[in-house]
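Asker: In my numbering, the protein residues as written are 40 to 467.
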Ligand code: HGY
Ligand code: MN
Ligand code: MN
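(1) Is it the case that the Cβ atoms of residue 435 and residue 424 are separated by a distance below 8 Å?
(2) Here's the rule I'm using: 16 or more other beta-carbon atoms within 10 Å means buried, otherwise exposed. How should residue 364 be labelled?
(3) Excluding five sequence neighbours on each side, which residues of the same chain lie with their C-beta closer than 7 Å to the C-beta of residue 400?
(4) Between the beta-carbon of residue 261 and the beta-carbon of residue 406, is there less than 8 Å?
(5) Using 8 Å for Cβ pairs, my map puts residue 456 next to residue 394. What's the rounded Cβ distance?
(6) Regarding residue 378 and ligand 1, is the C-beta to nearest heavy atom distance less than 7 Å?
(7) Are the Cβ atoms of residue 103 and residue 158 separated by less than 8 Å?
(8) Measuring straight from C-alpha to C-alpha, what distance separates residue 390 and residue 115?
(9) Here's a check: name, in chain order, each residue in its chain whose Cβ is nearer than 7 Å to the Cβ of residue 66, leaving out the five neighbours to either side.
(10) Comparing the CB of residue 180 with every heavy atom of ligand 1, is any distance shorter than 7 Å?
(11) Express the C-alpha separation of residue 108 and residue 55 in angstroms, rounding to a whole number.
(12) Say the cut is 7 Å; is the CB of residue 339 nearer than that to a heavy atom of ligand 3?
(13) Going straight from the alpha carbon of residue 375 to that of residue 322, what length do you get?
(14) Considering only heavy atoms of ligand 1, does any lie closer than 7 Å to the CB of residue 152?
(15) Determine the direct distance from the alpha carbon of residue 128 to that of residue 235, and round the result to whole angstroms.
(16) What does DSSP give as the partner residue(s) for residue 185 in the beta ladder?
(17) With hydrogens ignored, establish whether the beta-carbon of residue 146 is closer than 7 Å to any heavy atom of ligand 3.
(18) When you compare each of 304, 299, 310 to residue 319 by their alpha carbons, which one comes out closest?
(19) For the beta strand (DSSP E) that contains residue 405, what are its first and last residues?
(20) To which residues does DSSP link residue 61 through a beta bridge?
(21) Extract the residue ranges of the beta strand (DSSP E) inside the region 335-398, only unbroken runs of 3 or more that lie entirely within it.
(22) Quick one: what's got a C-beta closer than 7 Å to residue 362's C-beta in the same chain, skipping five residues either side?
(23) Could you tell me which uninterrupted alpha helix (DSSP H) segments, each at least 4 residues in length, are contained entirely in the region 245-293, listed from first to last along the chain?
(24) How do the region 426-433 and the region 229-247 stand: do at least 3 beta-carbon pairs fall below 8 Å, yes or no?
Quick look at the structure:
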């Protein structure tokens, strides 16, 4: 059944060109906040640049006629109130924080898409039947503090203030101090926990190369992979680089290099969708003429199947301990973050299939290897994600890029979805 907010294809073409220019305008505007010297974006939770960005977004949402509100952890909401204010709200959005030296699309695109979709719907159709909201989530990446999904996790009740009491960043700044300095914290604004959300839709860049390779415009996420983030401390013995014979060394870095090799080989042996990454490594004392006595490093492992992920992490612990024992090294391993794989809502996925079909937009169902705020929201409401292609699959890098036309198609599909849920009151 042909049904769309945009009955005429030429109207659709006109709207796509409008969205193309507008979405790039918003993204380039957001990119002026927290740029780093490497040409990327480094917008970390509760930094000045982060606060400036949220405040500028609040002003923009207000100028778009949205009712704005911060919650007590710094999530920013822009609301297009519905006729029935008691009906659960439909929320779209993503995270405003980035990785270190990230790109201009990861997270920001979901916020830009939501802003444009609500602006268009309000202009064309006025007040929706139920409230539509855009949210700029305060933090998802876990880049500054050892805490991820702080924004969405606080909304769904999987994060709370007790969890952050002892957390510090690499400069030993306490999480709570940084949060209070930005004006957020317990009792500082409305409590972040929500129980009035009817659905959450996140629009995001794919951060992989599947859509580009297959020439497909929209990815409809089936399941978001589960994650484990582990931290290891390997201790050997610092010693003189010139006088310590090779067979008498307890070189922590040499041991860790063997662990990294073994990790890579095992992940390749097991095969996709398992991936494992050592992204952070600190050597002590980290000077050229001293045998490294201590190494601290992280392992990030992902899989769409919970049991496979658990099996792999058990293997990691066992293998790393064996490699340390062989070298008279000691090793401490701890898990500081875990999220289980989360399937997206069937009803919303079907809506997306239909919207893309009606508009002759190519789409495919796919797994998300990247974690997203949507895997938090699914704990409290029907949730779905749609992807647009990433050039060469690059992300978490200043090289991140998506064609403006591809971005615009994502905005168009989101607009139609929000129309169905907000104006036609589609049940899920
Ligand atoms: O790491 C991730 O998967 C996400 O980008 N935070
Ligand atoms: Mn990311
Ligand atoms: Mn992201």
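Note that the Cβ used here is the ideal one computed from N, Cα and C, for glycine as well.
Answerer: By the coordinates alone:
(1) Locating residue 435 in the chain shown gives position 396, counting from the first residue. Locating residue 424 in the chain shown gives position 385, counting from the first residue. Not in contact: residue 435 and residue 424 (Cβ atoms no closer than 8 Å).
(2) The count along the chain shown starts at 1 and reaches residue 364 at position 325. With fewer than 16 other Cβ atoms within 10 Å, it is exposed.
(3) The sequence position of residue 400 within the chain shown is 361, counting from 1. Only 256, 257, 448, 452 meet the Cβ criterion.
(4) Position 222 of the chain shown, counted from the first residue, corresponds to residue 261. Position 367 of the chain shown, counted from the first residue, corresponds to residue 406. For residue 261 and residue 406, yes; Cβs fall inside 8 Å.
(5) Position 417 of the chain shown, counted from the start, is the residue given in the question as residue 456. Position 355 of the chain shown, counted from the start, is the residue given in the question as residue 394. Confirmed, Cβ separation roughly 6 Å.
(6) As a working note, residue 378 is residue 339 in the chain shown. Checking the Cβ of residue 378 against ligand 1 gives no.
(7) Stepping through the chain shown from its first residue, residue 103 is reached at position 64. Stepping through the chain shown from its first residue, residue 158 is reached at position 119. Contact flag set, yes.
(8) Mapped onto the chain shown, residue 390 falls at position 351. Mapped onto the chain shown, residue 115 falls at position 76. Going by the C-alpha atoms only, they are around 27 Å apart.
(9) Locating residue 66 in the chain shown gives position 27, counting from the first residue. Within the same chain, residue 66 has close Cβ partners 143, 144, 147, 148, 151.
(10) For the purposes of this step, residue 180 is taken as the residue at position 141 of the chain shown. At least one heavy atom of ligand 1 lies less than 7 Å from the C-beta of residue 180.
(11) By one-based count along the chain shown, residue 55 stands at place 16. By one-based count along the chain shown, residue 108 stands at place 69. Taking the straight line from one Cα to the other gives about 30 Å.
(12) Within the chain shown, numbered from 1, the residue matching residue 339 stands at position 300. Remark: the shortest separation between the CB of residue 339 and any heavy atom of ligand 3 does not fall under 7 Å.
(13) Here the question's residue 375 lines up with position 336 in the chain shown. Here the question's residue 322 lines up with position 283 in the chain shown. So the alpha carbons of these two residues sit roughly 20 Å apart.
(14) Indexing the chain shown from 1 puts residue 152 at position 113. No, Cβ of residue 152 sits at least 7 Å from all heavy atoms of ligand 1.
(15) Within the chain shown, residue 235 is the residue found at index 196, counting from 1. Within the chain shown, residue 128 is the residue found at index 89, counting from 1. Straight-line Cα distance between these residues: approximately 6 Å.
(16) Walking along the chain shown from the start, residue 185 turns up at place 146. None, per the DSSP bridge assignment.
(17) Walking along the chain shown from the start, residue 146 turns up at place 107. Within the cutoff, so yes.
(18) On the chain shown, residue 319 is found 280 positions in, with the first residue counted as 1. When each option's Cα is compared against that of residue 319, the closest is 299.
(19) Here residue 405 refers to the residue found at position 366 of the chain shown. Taken as a continuous stretch (DSSP letters only), the beta strand (DSSP E) holding residue 405 covers 402-407.
(20) As a first step, residue 61 is located in the chain shown; it is residue number 22 there, counting from the start. Looking at the DSSP assignment, residue 61 forms no beta bridge with any residue, so it has no partner.
(21) 369-378
(22) On the chain shown, residue 362 is found 323 positions in, with the first residue counted as 1. Taking residue 362 as the centre and dropping the five residues before and after it, the same chain places the C-beta of 294, 297, 298, 301 closer than 7 Å to its C-beta, in chain order.
(23) 249-253
(24) Output reads yes: the region 229-247 touches the region 426-433.
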